[in-house]
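Here the sequence shown is numbered in this note's numbering, starting from 3 and rising by one per residue.
Positions of the beta carbon are idealized from the N, C-alpha and C atoms, including for glycine.
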Amino acid sequence: MGLEGKPAINAFMTYLDQNSQTTLIDHGVHELESWDEFKEGVIKALSSPQDRVKARFEIKRASQGADETVEEFGRRLIKLGKSAYTADEEEAKNSALKDALAGGVRRDVVAVHLINSRMRNFHELMVEAIQLDA
3 MGLEGKPAIN AFMTYLDQNS QTTLIDHGVH ELESWDEFKE GVIKALSSPQ
53 DRVKARFEIK RASQGADETV EEFGRRLIKL GKSAYTADEE EAKNSALKDA
103 LAGGVRRDVV AVHLINSRMR NFHELMVEAI QLDA
């Protein structure tokens, strides 16, 4: 059983360089109690607006690679989404990831189905895409 909550946050802070510690302290991130809130705070405090813009651009131009499964493509989009959007931008992230998945899959039959899907949640849409691609 590992550390959780405030003990995990305190342990993490000891491993950071002085500049990163100062940035997190300046943003009040070190005072958070929940590990999930802390992770989000670290991403927000240490990532620049340029990093988020770059990740959003990558989402818009993403396409499924020749040797990439739909599931792998979806996971790549999720990773980009975490870099591109903060927790308070969940609706925008969901919309961008859904559009990228539907527009970036290789098989036309899957793309057409996803575009016409009524699924509102990216993760549900991804499950649907994986099933269609099987």
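- In this structure, R54 lies near S85, with their beta-carbon atoms less than 8 angstroms apart.
- Shown here, S85 sits in a helix according to DSSP, grouped into three states.
- In this chain, the alpha helix (DSSP H) harbouring H125 covers 124–135.
- The three-state reading of DSSP puts G67 in coil, since its state is none of H, G, I, E or B.
- Assignment of E74 by DSSP, reduced to helix, strand and coil, places it in the helix class.
- Counting only the Cα atoms, Q52 lies some 18 angstroms from L79.
- For the pair I11 and L34, the CB atoms are nearer than the 8 angstroms cut-off.
- The beta carbon of G83 sits closer than 6 angstroms to those of K95, L99, all from its chain and outside the five residues before and after it, given in chain order.
- For G7, the secondary structure class from DSSP, reduced to helix, strand or coil, is helix.
- Linking N21 to A13 through their CA atoms gives a straight-line distance of about 17 angstroms.
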